[in-house]
Amino acid sequence: KAGVTQTPRYLIKTRGQQVTLSCSPISGHRSVSWYQQTPGQGLQFLFEYFSETQRNKGNFPGRFSGRQFSNSRSEMNVSTLELGDSALYLCASSPSGAGGEPQHFGDGTRLSIL
Amino acid sequence: GDSVTQMEGPVTLSEEAFLTINCTYTATGYPSLFWYVQYPGEGLQLLLKATKADDKGSNKGFEATYRKETTSFHLEKGSVQVSDSAVYFCAYKETSGSRLTFGEGTQLTVNP
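Chain order of the listed sequences is A and B.
Under my numbering, think of the first position of the first sequence as 78, with each following residue one higher.
Under my numbering, think of the first position of the second sequence as 428, with each following residue one higher.
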């Protein structure tokens, strides 16, 4: 069974630009969550999508947005990039997101802002 | 608010030494608890989990017991190997919802 696939693996952008990251969950998984990982703040939850609806949202500005398609694939968009947005962005999937279901992570997209 | 606290790192051990990484949490209700491991350049891999009090999660020689009375989920391994060198994250998930709250991570280095 294929794991969670994130593309691209690396991105370099400049301040003010926007970026879109993609995540394909494990087949059959309908819940997709996004996390930001930085040395200073650690792992922080961005948002979760289930059945094309945002079900949960972390404490990030509106520049961070996402969506989910009918095949459960998800995209995350960051507009007006800032230097502080440089991070590893991780996507995770699970069957329904409920209870004790563990989340399965992709290898992430490394975003660098110049 | 809800949080997870891990022992400060980094931790450096010799091969075959005993490992303990402490993890305590502050949460309402009855969360599920997880340990994840991250190798350089990779995402997080689930190491083990426990979903209710007194559950013991185990995998690849690692163990952790869900202690509700002390709100802890300490990770242990009896004999570490060089290949165990990685960053370990403790995390919890509330009963409702899929948000994982992570600890700060503990860098483990095992020397031969």
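No residue lacks a Cβ here, since even glycine has one placed at the ideal position from N, Cα and C.
Which two residues bound the contiguous beta strand (DSSP E) that contains residue i?
| i | result |
| --- | --- |
| Gln534 of chain B | Thr533 to Asn538 |
| Ser99 of chain A | Val96 to Ser101 |
| Val109 of chain A | Ser108 to Thr115 |
| Gly484 of chain B | Lys483 to Asn486 |
| Ser171 of chain A | Ala164 to Ser171 |
| Phe445 of chain B | Phe445 of chain B -> no beta strand (DSSP E), and no H or E assigned at all. |
| Thr84 of chain A | Thr82 to Thr84 |
| Leu191 of chain A | Neither: Leu191 of chain A is in no beta strand (DSSP E) and is coded neither H nor E. |
| Tyr457 of chain B | Segment: none, Tyr457 of chain B is in no beta strand (DSSP E) and carries neither H nor E. |
| Met153 of chain A | Ser151 to Val155 |
| Tyr493 of chain B | Careful: Tyr493 of chain B lies outside any beta strand (DSSP E) and carries neither H nor E. |
| Ser142 of chain A | Phe141 to Gln145 |
| Gln522 of chain B | Note on residue identity: the sequence assigns Thr, not Gln, to residue 522 of chain B. It is not in any beta strand (DSSP E) - Thr522 of chain B carries neither H nor E in the DSSP assignment. |
| Leu160 of chain A | First-last for Leu160 of chain A: undefined, no H or E at that position. |
| Val431 of chain B | Ser430 to Gln433 |
| Asn136 of chain A | Asn136 of chain A -> no beta strand (DSSP E), and no H or E assigned at all. |
| Gly119 of chain A | Gly119 to Phe127 |
| Gln180 of chain A | Counting along the chain, Gln180 of chain A falls outside any beta strand (DSSP E), and DSSP gives it neither H nor E. |
| Phe529 of chain B | Leu527 to Phe529 |
Taking its Cβ as the centre, do 16 or more other Cβ atoms sit within 10 Å of residue i, making it buried, or is it exposed?
| i | result |
| --- | --- |
| Ser108 of chain A | buried |
| Asp481 of chain B | exposed |
| Phe445 of chain B | exposed |
| Ala79 of chain A | exposed |
| Glu125 of chain A | buried |
| Thr447 of chain B | exposed |
| Pro539 of chain B | exposed |
| Asp162 of chain A | buried |
| Thr533 of chain B | buried |
| Lys504 of chain B | buried |
| Tyr519 of chain B | buried |
| Asp511 of chain B | buried |
| Arg140 of chain A | exposed |
How would you list, in chain order, the residues of chain A whose beta-carbon sits under 7 Å from the beta-carbon of residue i?
| i | result |
| --- | --- |
| Leu527 of chain B | Phe122 and Gln180 |
| Glu469 of chain B | Asp184 |
So residue i and residue j are supposed to be a Cβ contact under 8 Å. How far apart are they, rounded?
| i | j | result |
| --- | --- | --- |
| Val507 of chain B | Leu440 of chain B | 6 Å |
| Thr91 of chain A | Leu188 of chain A | Contact flag wrong, Cβ pair sits at about 12 Å. |
| Ser156 of chain A | Gln95 of chain A | 4 Å |
| Gln114 of chain A | Gly135 of chain A | The pair is not a contact, with the Cβ atoms about 13 Å apart (cut-off 8 Å). |
| Gln83 of chain A | Gly183 of chain A | 4 Å |
| Ser151 of chain A | Cys100 of chain A | 5 Å |
| Leu158 of chain A | Gly93 of chain A | 6 Å |
Going along chain B, which residues have a C-beta under 7 Å from residue i?
| i | result |
| --- | --- |
| Glu129 of chain A | Simply none; closest approach about 15 Å. |
Which bits of chain A does residue i rub up against, with CB to CB less than 8 Å?
| i | result |
| --- | --- |
| Thr478 of chain B | Gly176 and Gly177 |
| Phe516 of chain B | Leu120 |
| Glu442 of chain B | In chain order: nothing, as chain A lies at least about 27 Å away. |
| Gly532 of chain B | Gly119 and Leu120 |
Interface residues of chain A around residue i at Cβ under 9 Å?
| i | result |
| --- | --- |
| Leu473 of chain B | Pro179, Gln180, His181 and Phe182 |
| Gly524 of chain B | Glu125, Arg132, Asn133, Gly174 and Ala175 |
Following a CB-centred definition, is residue i positioned closer than 7 Å to any heavy atom of the ligand ATP?
| i | result |
| --- | --- |
| Ser151 of chain A | Judged by which ligands are present, the structure shown has none, so any question about the ligand ATP falls away. |
Members of the segment 451 to 465 of chain B near chain A, C-beta cut-off 8 Å: Ser459, Phe461 and Tyr463
Using a Cβ-Cβ cut-off of less than 9 Å, give me the residues of the segment 147 to 181 of chain A that come near chain B, in sequence order. Leu165, Leu167, Cys168, Ala169, Ser171, Ser173, Gly174, Ala175, Gly176, Gly177, Glu178, Pro179, Gln180 and His181
For the segment 491 to 507 of chain B, list every residue whose C-beta sits within 8 Å of some C-beta in chain A, in sequence order. none
What residues in the segment 104 to 120 of chain A have a beta carbon less than 7 Å from any beta carbon of chain B? Ser108, Ser110, Gly119 and Leu120
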